[in-house]
Amino acid sequence: MQNLTIKQRILDSFCLLLCAGAVVYVITVYPTLPSKIPTNFAANGEITGYSSKTSLFILLGVMLFMTASFSVMLRLRAFYRNMNLPWTVSKEKLPRVISVTKDLLCWSNLCVTVGNATLLYACASGTLYTDVLWLPYVILAVVVVWFLWRIRKICKERDI
C-alpha cells in the first residue's frame, strides 16, 4: 500500500461517502419510482428513452465499480511500477511523478463519481439539469490535461 497525503485521503473518502449516499438514495427512492424511468436524455434535457426501474441498480453498480477501481489503483504499488509515460522518468524524479499521478487519480475519481451521481439522480428524478451535467466531465478533461502537463514538466526539468 502506498502512503497517501491528507488531501488524497480526503478526496478518496469524499468519493466513497458520495457512493454510500448514492446507495442510500437509490434504496430510499426505489419503492416510489414508477415501473419505467427515463434513462436516455437528449442534449437539451428532453427524455428520449425509458427503461425498467431496476436499471437504476446497473448505473449504481457502474458508479461503485469505477469508484472502487480508482481507490484500488490509488493504493497499489504495482500500478506505479508499471506506469507507461511518453517521457523518461529518472529515479530521483519518480517520487514526485508518483505523487502527481496520485493527485490525478484522486481528482479523476471525484469528477467521475460526481458525474455518475448526477446521472443517477437524473434517472431517478426524471429531470436532467443540462446546465450541471456537463460540468464534471469538462473538469475531468481539464484535470487530466493539467496533471499530464505537470508530469511532463517534472520529467523535462533539468537536474542541477
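Just so you know, we're using numbering that gives the first Met the number 0 here: the sequence shown kicks off at 0 and counts up by one. Note that the Cβ used here is the ideal one computed from N, Cα and C, for glycine as well.
Cross-strand partners of residue i (DSSP beta bridge)
{"i": "ILE36", "result": "SER50"}
Extent of the continuous alpha helix (DSSP H) to which residue i belongs
{"i": "LEU109", "result": "93-124"}
{"i": "THR27", "result": "5-28"}
Same chain, Cβ closer than 6 Å to residue i, five either side skipped, listed in chain order
{"i": "LEU10", "result": "CYS105 and LEU109"}
{"i": "GLY114", "result": "PRO135 and TYR136"}
{"i": "VAL111", "result": "MET65"}
{"i": "MET0", "result": "Residue placement at MET0 is flagged as unreliable, the pLDDT there being 44, under the threshold of 50; a coordinate-derived value is accordingly withheld."}
Top-ranked residue by Cα proximity to residue i, from the options
{"i": "ASN2", "options": "ARG74, LEU63, VAL111 and MET82", "result": "ARG74"}
{"i": "SER12", "options": "ILE138, PHE69, SER50 and PRO33", "result": "PHE69"}
{"i": "VAL141", "options": "GLU45, ALA116 and LEU103", "result": "LEU103"}
{"i": "TRP86", "options": "ALA41, THR4 and GLU156", "result": "GLU156"}
{"i": "GLY60", "options": "ALA21, LYS6 and ALA42", "result": "ALA21"}
Contact set for residue i: own chain, Cβ-Cβ below 7 Å, skip 5 residues either direction
{"i": "CYS122", "result": "ILE36, PRO37, THR38, LEU55 and LEU58"}
{"i": "VAL99", "result": "PHE146, ARG149, ILE150 and ILE153"}
{"i": "LEU63", "result": "CYS18"}
Close-in-space but distant-in-sequence residues of the same chain around residue i (CB under 8 Å, 5 per side omitted)
{"i": "LEU118", "result": "LEU58 and LEU132"}
Open item on the list: Three Cβ pairs or more, each shorter than 8 Å: is that satisfied between the segment 17-29 and the segment 89-96?
Closed with: The segment 17-29 makes no contact with the segment 89-96; the number of CB pairs closer than 8 Å stays below 3.
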